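Under my numbering, the first residue of the sequence shown carries the number -6, and numbering increases by one thereafter.
From the three backbone atoms N, C-alpha and C, an ideal C-beta is built for every residue, glycine too.
Computed from a predicted model, the values in this text were never measured in an experiment.
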Amino acid sequence: MSAVPHLAPYRDLQEFTLQPAVGNVFEAVVGQLATAIRLGVFADGEQLPPERELSERLGVSRMTLRDAIAALRDAGLVRTTRGRGGGTVVTYDGTHAPGVRPAGEYDVADVLRFRRLVEAGAVEAAAERTLDDEQRAWLSRCLADAANTVGTSEHRIADSRLHLALATVSGSALLAESVTRAQAALGDLLAAIPVLPRNIEHSQSQHARIVDAVLRADAVEAGDAMRQHCDATAELLIGLIG
């Protein structure tokens, strides 16, 4: 996958994905960081933000954050080096999926319906906004990354990153959070079926149509294209999982 673009919208993606932890904060932090890694918000080989920044963003103590990062290390998602120039680096390349829930634990129809609603709404909202040059370049970069990783273990991550980028440029934190939840559940479902090259190629043509519609500010086309994209994935999953 291409290196993470150093663009302002990417920072928005991190902010929308990582929210202040509530309830069982340790488990919430582990879950949020693991989801962000599996969805490509933090890419393989990328260093996580500094402890101070992460702990403030998640609303937890540094001790809680360190315990959560230790759990991620045990799961094989990160590695940590100490000393000057050290830090925590992502080691997840999409070839394994630690912590993935069995597909049977989901109401598949509910996940797919939720995804269709929130992702179509997100791209419609994105198309209705006036995107700046950085946002437009970011979407084009994410689309290219997804196309360039077809046939590799990194494709699922690149695919998720594109969907999260589209949600981020909608300008709605709640929509971005909802799409993150939908993509996390979808990823667990997709992990239960084989990789199908023809489906991925079809998906890429749909991605191109969606991004093109957003960049042309055609909200109707963007929403229709996303719904067709979601419907195609739904047919596949319902057929293979039930």
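Close Cβ partners of PRO13 (< 7 angstroms) along its chain, the five nearest in sequence each way excluded: LEU51 and GLY52
Would the beta-carbon of LEU179 fall within 9 angstroms of that of VAL104? yes
So VAL71 and ASP37 are supposed to be a Cβ contact under 8 angstroms. How far apart are they, rounded? That belief does not hold up - the Cβ atoms of VAL71 and ASP37 are roughly 10 angstroms apart, past 8 angstroms.
Classification of VAL15 by the beta-carbon crowding that lies within 10 angstroms, buried from 16 upward: exposed
Consult DSSP for VAL83 and reduce its assignment to one of helix, strand or coil. strand
Count the other CB atoms, across all protein chains shown, that sit within 10 Å of the CB of ASP181; report buried if there are 16 or more and exposed otherwise. buried
Would the stretch 158 to 166 count as touching the stretch 118 to 125 if we require 3 or more Cβ pairs under 8 angstroms? yes
How is ARG50 classed by DSSP in three states: helix, strand or coil? helix
Paired residues, beta bridge with THR74 - DSSP: GLY80
Helix, strand or coil for GLN12 per DSSP? coil
Candidates PHE107, ALA63, GLN128 and PRO187, of which the one nearest ASP224 by Cα: PHE107
Residue from ALA218, ARG191 and ALA175 with nearest C-alpha to VAL143: ARG191
ARG45 versus VAL34, PHE35 and THR57, residue with shortest Cα-Cα distance: THR57
Taking just the CA atoms, how far does PRO43 sit from GLN128? 25 angstroms
Measuring alpha carbon to alpha carbon, tell me which residue in ARG77, GLY114 and GLN221 is nearest HIS195. GLN221
Do you know offhand how far MET(-6)'s Cα is from ALA185's? In this predicted model, MET(-6) has a pLDDT of only 41, less than 50, meaning its place in the structure is not dependable; the value taken from the coordinates is given anyway. Their Cα atoms are separated by approximately 23 angstroms.
Tell me, to the nearest whole angstrom, how far the beta carbon of THR73 is from that of ILE62; I am working on the premise that it is less than 8 angstroms. 7 angstroms
Assign GLU112 to one of two classes, buried (16 or more other C-beta atoms within 10 Å of its C-beta) or exposed (fewer than that). buried
Would you say GLY79 faces chain C, with C-beta separation under 9 angstroms as the test? No chain C is part of this structure, which consists of one protein chain only.
Between which two residues does the alpha helix (DSSP H) carrying GLN40 extend? Looking at the DSSP string, GLN40 is not in any alpha helix (DSSP H), and its letter there is neither H nor E.
Best match in GLN176, ALA215 and PHE19 for proximity to ARG122 [C-alpha to C-alpha]: ALA215
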